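Order-wise, the sequence lines are chains A and B. Under numbering that gives the first Met the number 0, the first residue of the first sequence is numbered 0, with each subsequent residue one higher. Under numbering that gives the first Met the number 0, the first residue of the second sequence is numbered 0, with each subsequent residue one higher.
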Amino acid sequence: MASATNKIALTDFIAKLEADLPVAYTARSLVADKIELWAISASGETLTTEISLNETVPSIAGDEARIEFWEREIHQMFGVVFSRPESNQSLYKADVEWALAKPLNSETLLARRNQTPWPGAKEPGVDNPVGKRRLLPPGVDPEVKTEDLI
Amino acid sequence: MSEIRGIIALSPADCTSCMLCVRQCPTWCISLESHQAPDPNVPEGARERLVNVLDEFTIDFGKCMSCGICVEVCPFDALKWEKEIDYAESSSEGLAHGKEKLAEHWES
Numbered sequence: 000m001a002s003a004t005n006k007i008a009l010t011d012f013i014a015k016l017e018a019d020l021p022v023a024y025t026a027r028s029l030v031a032d033k034i035e036l037w038a039i040s041a042s043g044e045t046l047t048t049e050i051s052l053n054e055t056v057p058s059i060a061g062d063e064a065r066i067e068f069w070e071r072e073i074h075q076m077f078g079v080v081f082s083r084p085e086s087n088q089s090l091y092k093a094d095v096e097w098a099l100a101k102p103l104n105s106e107t108l109l110a111r112r113n114q115t116p117w118p119g120a121k122e123p124g125v126d127n128p129v130g131k132r133r134l135l136p137p138g139v140d141p142e143v144k145t146e147d148l149i
Numbered sequence: 000m001s002e003i004r005g006i007i008a009l010s011p012a013d014c015t016s017c018m019l020c021v022r023q024c025p026t027w028c029i030s031l032e033s034h035q036a037p038d039p040n041v042p043e044g045a046r047e048r049l050v051n052v053l054d055e056f057t058i059d060f061g062k063c064m065s066c067g068i069c070v071e072v073c074p075f076d077a078l079k080w081e082k083e084i085d086y087a088e089s090s091s092e093g094l095a096h097g098k099e100k101l102a103e104h105w106e107s
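In structure tokens form, the structure reads like this:
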């Protein structure tokens, strides 16, 4: 992301953006249920804040359709819940299956990724290494059956 | 932040097959095949030592998202950004560059 970011508390993040409506608003999935919200305010300042998925994020959409679009995108892709019900809809209401999938969340398992052999599983000289510590990339769980995933 | 992220080049002589770039790549676009062999450079009388020998190293530029994590994470600086931007192909298979092609991109 940008080189000069400003990681602040959620309340400060919302307060700054309410006054200075963002020109960009997106999110990044960190480990476990932590999400980093990322925005560029109208005056050009890059702001970030870290939240967990069980927190409700105050909505700054108000009457602005573009900000509602971004909040709905964050809701659909990461599972973040906003205080405004209109922001807690997926972008494509007709796509019911994907609306629940939270595909950009690092904990989400996607079928194609889960069943694709990972090139990093190899070790030099060994074809199918069986070690005490099994290396796995994020978003892959061999215990889950692929039929259950989207 | 002043380098141009055109294409990624490999120096096969520096690669030790540590697998760090393969494992850190978010799109899984790097594949690496290697084997272990006795080190030819052990001094006289020393006991045999095994080293990793790189067989194949492929970056699929159709999947690469130019994040630069592989270049950053390589402990031996075997991967480098180069300025080449005209590497379009007429097939997606042609975008998978092997060890030799990646070494050609390297300009000292």
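The beta-carbon is built from N, C-alpha and C at its ideal position, and this holds for glycine as well. Because the structure is a prediction, the values reported are computed rather than measured.
Reduced DSSP category for residue i - H, G, I as helix; E, B as strand; rest coil
i	result
Leu86(A)	Inspection of the sequence shows that residue 86(A) is occupied by Ser rather than by Leu. Helix, per DSSP.
Asn5(A)	strand
Arg46(B)	coil
Phe75(B)	coil
Val21(B)	helix
Thr45(A)	strand
Thr107(A)	coil
Ile6(B)	strand
Trp69(A)	helix
Glu158(B)	Residue 158(B) lies beyond the range of chain B shown here (0 to 107); nothing can be said about it.
Minimum Cβ-Cβ distance from residue i to chain A less than 7 Å
i	result
Arg4(B)	no
Trp27(B)	yes
Ser107(B)	no
Arg22(B)	yes
Ser10(B)	no
Ser30(B)	yes
Ser16(B)	yes
Ser65(B)	no
Where residue i falls, given that 16 or more other Cβ within 10 Å makes a residue buried
i	result
Met0(A)	Any reading at Met0(A) needs caution, since the residue's pLDDT is 45, under 50, leaving its predicted position unreliable; the model's value is listed next. Label assigned to Met0(A): exposed.
Ser107(B)	exposed
Glu55(B)	exposed
Ile195(B)	This structure does not reach residue 195(B), given that chain B is present from 0 up to 107, and the question cannot be answered.
Cys20(B)	buried
Leu122(B)	There is no way to answer for residue 122(B), as the model of chain B reaches only from 0 to 107.
Glu146(A)	exposed
Pro118(A)	buried
Ile3(B)	exposed
7 Å Cβ cutoff, residue i in contact with chain B
i	result
Pro116(A)	no
Pro123(A)	yes
Gly119(A)	yes
Terminal residues of the alpha helix (DSSP H) in which residue i lies
i	result
Ser29(B)	Note that residue 29(B) is Ile in the sequence shown, not Ser. It is not in any alpha helix (DSSP H) - Ile29(B) instead sits in the beta strand (DSSP E) that spans Ile29 to Pro37.
Trp97(A)	Val95 to Ala98
Arg112(A)	Ala110 to Gln114
Ala23(A)	Segment Ala23 to Ser28 is the beta strand (DSSP E) holding Ala23(A); no alpha helix (DSSP H) there.
Leu101(B)	Lys98 to His104
Residue-level contact to chain C via CB, residue i, 7 Å cutoff
i	result
Asn51(B)	Chain labels in this structure do not include chain C; the protein chains are A and B.
Where the beta strand (DSSP E) through residue i begins and ends
i	result
Ala52(B)	Per the sequence presented here, residue 52(B) reads as Val, with Ala not at that position. Here the beta strand (DSSP E) through Val52(B) covers Leu49 to Asp59.
Ala38(A)	Lys33 to Ile39
Glu71(B)	Segment Ile68 to Val72 is the alpha helix (DSSP H) holding Glu71(B); no beta strand (DSSP E) there.
Chain A contacts from the region 87-107 of chain B (Cβ-Cβ distance under 8 Å): none
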